[in-house]
Structures are given as C-alpha cells and as structure tokens.
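What follows is a single structure, written as structure tokens, with notes after it.
There are 2 protein chains.
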Amino acid sequence: MRKVFQAELHQIGEGLIEISQLVSAAIVKSNTAFKGADTELAQEVIAADARIDFLQNDLDERAIDILARQGPVASDLRMIVGALRMSASLERMGDLARHIAQLARLRFPANVIPEGVRGTFDELAELDEQIASKVTELLETRNLELTNEINAAKARVSALHAGVFKAVAAQDWDESAPTTVDVTLASRYYERFADHGVSVASKVTYLVTGEWQPTAPLM
Amino acid sequence: MRKVFQAELHQIGEGLIEISQLVSAAIVKSNTAFKGADTELAQEVIAADARIDFLQNDLDERAIDILARQGPVASDLRMIVGALRMSASLERMGDLARHIAQLARLRFPANVIPEGVRGTFDELAELDEQIASKVTELLETRNLELTNEINAAKARVSALHAGVFKAVAAQDWDESAPTTVDVTLASRYYERFADHGVSVASKVTYLVTGEWQPTAPLM
Numbered sequence: 001m002r003k004v005f006q007a008e009l010h011q012i013g014e015g016l017i018e019i020s021q022l023v024s025a026a027i028v029k030s031n032t033a034f035k036g037a038d039t040e041l042a043q044e045v046i047a048a049d050a051r052i053d054f055l056q057n058d059l060d061e062r063a064i065d066i067l068a069r070q071g072p073v074a075s076d077l078r079m080i081v082g083a084l085r086m087s088a089s090l091e092r093m094g095d096l097a098r099h100i101a102q103l104a105r106l107r108f109p110a111n112v113i114p115e116g117v118r119g120t121f122d123e124l125a126e127l128d129e130q131i132a133s134k135v136t137e138l139l140e141t142r143n144l145e146l147t148n149e150i151n152a153a154k155a156r157v158s159a160l161h162a163g164v165f166k167a168v169a170a171q172d173w174d175e176s177a178p179t180t181v182d183v184t185l186a187s188r189y190y191e192r193f194a195d196h197g198v199s200v201a202s203k204v205t206y207l208v209t210g211e212w213q214p215t216a217p218l219m
Numbered sequence: 001m002r003k004v005f006q007a008e009l010h011q012i013g014e015g016l017i018e019i020s021q022l023v024s025a026a027i028v029k030s031n032t033a034f035k036g037a038d039t040e041l042a043q044e045v046i047a048a049d050a051r052i053d054f055l056q057n058d059l060d061e062r063a064i065d066i067l068a069r070q071g072p073v074a075s076d077l078r079m080i081v082g083a084l085r086m087s088a089s090l091e092r093m094g095d096l097a098r099h100i101a102q103l104a105r106l107r108f109p110a111n112v113i114p115e116g117v118r119g120t121f122d123e124l125a126e127l128d129e130q131i132a133s134k135v136t137e138l139l140e141t142r143n144l145e146l147t148n149e150i151n152a153a154k155a156r157v158s159a160l161h162a163g164v165f166k167a168v169a170a171q172d173w174d175e176s177a178p179t180t181v182d183v184t185l186a187s188r189y190y191e192r193f194a195d196h197g198v199s200v201a202s203k204v205t206y207l208v209t210g211e212w213q214p215t216a217p218l219m
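Written as structure tokens, this is what we have:
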C-alpha cells in the first residue's frame, strides 16, 4: 500500500515537471513569435496551452484522489497541497505565454515592440525563459540554490517592467496608442509570468525546508 | 469528533465569507478612490489588503490542518480543496482592487480616466462591485441562480474591456501615453477581478452540484 502511495506521489511530481517543461517551451516560442511577428508559431503556442490546461486538470484530479484515498499527513500532505498550488501557477504561466503569443498574432504583420524599448523586451523575454527553465530544473533537482537565481531574475524583471513605464511616460515617446497598449500589456505579462515562477519556487522551498517564506506582495 | 469536524468546516466557510466581504468593501473603496482621485481612500484599500492576505494564509493553514487531522473524504474533502482555491481567487481579487487604488494614488491629483471612456469605466466599476457582492451572497446562501448573474456580469465586463481597446485604437484617441497606460491597466484589472469572481462562483457550483463546469479559457 505504502509503495503504491509513494509511486502516486512520485507521479504527481513528474506531472509537475512535465507541465513546467511545456510552459518553458511555450515561453520560448512565444518570445520568438513576439519578436518576429510569426503568426504560425503564435498559433502553436495558443494550441499547446490547451494541453497544459488539460494536464493541470488531470494532475489536480489525481492529487485530490490521493487525498481522498490515502489521507496523507505531514510532508506527504504538504507535497500534495503544494502540487495543487504549483499546478495553478504553472497553468497561469502557460496562459501568460499564450497572451504574449496572442499579442504577436493580433498585430501581425506589424512588430509589437518599437525600437526604443526592444532591448528591454529582449531582456524580459530572456529572463522569463531563464525563470521557466530554472523552475523546471528546481522541480527536478530540488536544488534550492536555483531559488535565489529565480528571485534575482524576478527582481531584474521588475526593474525592467518599471523601466518600460518610464519610457512610455517620457517626452520622446511618440508611439501610437495601440502600440502603447501592446507595450503595457506585454510588459505586464512578462512580469506576471516571473511572479508565478517565484511563487512556484517558494513552494518548492517550503516543501524542502518546511519553512514558509512569504514572497513579497505581488504588485 | 464528527461534531468538532463539522464546526471546523463551518468555520472555513465563514472565513471565506469574511474575506469575500473585505474584497467587496475593497472594490467599492477602490472605485471611489479611482473616480475621485482620492488618495486617502486609496491608502485605506492598500492597507486593508494586508488583512485579506493575512486571513487567506490563516484560512489555508486551518484547511491544511483539517486535511491532516481529519483525512476528510467525498464532499468534505471537495469542500476543503475548493476553499483553498477560492481563497486564492479572493486574495487575487483583493490584490486587483489594490492595484486600482494604486493607479489612483500614482496619478494624484490628476484623474486617471479621460472623459471619453469614463462611462465605460463607471460601468466596469459597478459590474465588479456587483460581482463581488454576489460572490459573497453566493458563499452565504449557495443559491446557484447567482452564478448565472455573475457570469452575465462577467460577459458584460469582457465586452466593455474590448470596447476600451477599441476606443484607444480609434483615430480620435488623443490622450497622453501615460493615460493610455493607465486606461489599459485599469481595464485589465477590472476584467481580471471579474474573472476571479466567476472562478469562485464555478467552484461553489461544483461544491453544490458535484459537477465541474470548466469556465471559458481566461483571456
């Protein structure tokens, strides 16, 4: 019985890793679509998000089923509840990657991001990819060093996000209103994606150490 | 033992109602602050959000403690897992009310919303207040009729949100870039608030009927 239980817990962990891998692939593709106004790639991300949603639902059902049948306690219980929360964050990350892809598709063939802030967005894109990839690695290895790296990347994302708003408010910003909207939303999506990455990382930390590190209030 | 358990479950339900009432008060105050560029009121919302966060954490801990001690099954288990999810959505609604208040404070003494879309934002504000109040009532009464009303209000919010983007893209939009940013973010916050309201409502429906009604994918 105990052996079955451990196998089920292990499968939940594997399920989270699988979802995280898909999220990681999604943000890479979204970024490429976003930079190159590639609608086909954008369409791929949008379609792949349905798979992430399906896997999340499936994982959640299995987790609840384990709660019902096994009545886990202590660290096993913590793991299951943590998995339910992490799956919700990962699912949101998938949604946000989809939103970025949708922005690319919406404005096709125009490029969403004006030249003046393109460097900032390249860095935001790169940081979110790093965060997604480190979250996957953290789920696989539980190496908590990665948490610090994820938090540092998130801090940089927040600074860049603030920088975007400064650029938009500056005298020399002369982009159209729809472009301003796109830049605002894209920056916000990148920041929320990073937030959820931090949130997953803090839950892994909690599972490993048993100590709850409340993350800074999300803006 | 069973009696204690039922009392604990009841307290979780009461806890959700309390958080929902605070969220409802927060969105009303945020809207007033937002319309009148009232920084004191905005400050109140920002401070009150910390209380919502505290209550959510406290409720989640109690819920997990019940899972550990009582190993609930069937509808009791569903209720506890549902409570964890609803508390997360309610907490996000509190965050979004805070974001709206923060927009008001950031631009003080200027009014965030230009005249041309003020009617739209008045309606968005009103709809989000209705949604918050109906969510509280739904948690209190479990009257599923309210779910339809919440979904209808959400559909209207989505239409208004799309209308805001149309207004911003129109030829006659001649607002500054920072105002365009504010309008974009505010509209998005109102829409996300409504999304989370629908999400709570769908979980109540699930608890009452046992049937999962997946909501439309959130944009």
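Residue numbers (the UniProt record's numbering), protein chains in the order written: chain A, 1 to 219; chain B, 1 to 219. Using N, Cα and C, we set each Cβ at its ideal position, and we do this for glycine too.
Proximity to residue i [Cα-Cα], best of the options
i      : options                       : result
B/A198 : B/E14, B/A170, B/L138, B/S176 : The question names Ala, but residue 198 of chain B in the sequence shown is Val. For B/V198, the nearest C-alpha among the options comes from B/L138.
A/E14  : A/A153, A/Y206, A/M86         : A/M86
A/S30  : A/I46, A/Q21, A/I17, A/M79    : A/I46
B/E44  : B/L160, B/H196, B/D128, B/G94 : B/G94
B/I27  : B/T136, B/A132, B/E40         : B/A132
B/G36  : B/Y206, B/F108, B/K3, B/Q21   : B/F108
B/K166 : A/V181, A/H99, A/R188         : A/V181
B/I19  : B/A152, B/I100, B/L84, B/V73  : B/L84
A/T120 : A/A50, A/L16, A/R188          : A/R188
A/Q130 : A/D76, A/I150, A/I64          : A/I150
B/R62  : B/L16, B/A186, B/T136         : B/L16
B/L185 : B/A162, B/V200, B/A88         : B/A162
B/T205 : B/R118, B/E145, B/R192, B/E40 : B/E145
A/A110 : A/T39, A/A201, A/H10, A/L9    : A/T39
Nearest-angstrom Cα separation, counted from residue j out to residue i
i                      : j      : result
B/A170                 : A/P178 : 9 Å
A/I12                  : A/V23  : 17 Å
B/L106                 : B/V168 : 21 Å
A/N143                 : A/S176 : 45 Å
A/L90                  : B/Q6   : 33 Å
A/F54                  : A/D60  : 10 Å
B/W173                 : B/Y190 : 21 Å
A/K203                 : B/Q70  : 24 Å
B/I66                  : A/G82  : 16 Å
A/E115                 : B/K154 : 36 Å
A/M79                  : B/L96  : 29 Å
A/A194                 : A/D128 : 6 Å
B/N148                 : B/L160 : 18 Å
B/V135                 : B/V73  : 26 Å
A/T209                 : B/R2   : 33 Å
A/Q21                  : A/I64  : 23 Å
B/A216                 : A/D58  : In this prediction, B/A216 has a pLDDT of 38, which is less than 50 and means its spatial position is unreliable; nothing more can be read from the coordinates.
B/A101                 : A/E126 : 31 Å
A/A68                  : A/D76  : 13 Å
B/L9                   : B/R192 : 29 Å
A/V200                 : B/D122 : 36 Å
B/R118                 : A/V117 : 30 Å
B/L218                 : B/A88  : Its pLDDT being 34, under 50, B/L218 is placed unreliably by the model, and nothing is read from it.
A/E140                 : B/Q56  : 29 Å
B/I52                  : A/I52  : 30 Å
B/A50                  : B/V4   : 30 Å
A/L207                 : A/A152 : 21 Å
residue 221 of chain B : A/A25  : In this structure chain B extends from 1 to 219, so residue 221 of chain B is not present and cannot be described.
Supposed close pair residue i, residue j - CB separation, criterion 8 Å
i      : j      : result
A/D33  : A/A42  : The identity of residue 33 of chain A in the sequence shown is Ala, whereas the question assumes Asp. Sure, about 4 Å apart at Cβ, within 8 Å.
A/V157 : A/V183 : The pair is not a contact, with the Cβ atoms about 15 Å apart (cut-off 8 Å).
B/V112 : B/L103 : 5 Å
A/H196 : A/R92  : 5 Å
Residue i beta carbon near the ligand NAP (any heavy atom closer than 7 Å)
i    : result
A/R2 : Only the bare structure without any ligand can be found here, which leaves the ligand NAP out of the picture.
CB contact below 8 Å: residue i versus chain E
i      : result
B/D195 : Included in the structure are the protein chains A and B, with no chain E among them.
Problem set entry | Members of the UniProt domain "PhoU" (122-203) of chain B that neighbour chain A once the beta carbon cut-off is set at 8 Å | F165, V168, A169, W173, E175, A177, P178, T180, V181, T184, L185, R188
Problem set entry | Residues from the region 63-90 of chain B in contact with chain A, defined by Cβ distance under 9 Å | A63, I64, L67, A68, R69, Q70, G71, P72, V73, A74, L77, R78, I80, V81, L84, R85, A88
For this session: Please specify which runs of the alpha helix (DSSP H), each continuous and at least 4 residues long, are wholly inside the region 90-176 of chain A, giving them in chain order.
Result: 118-141, 145-169
Problem set entry | Residue ranges of each alpha helix (DSSP H) within the UniProt domain "PhoU" (17-103) of chain A, 4 or longer | 39-70
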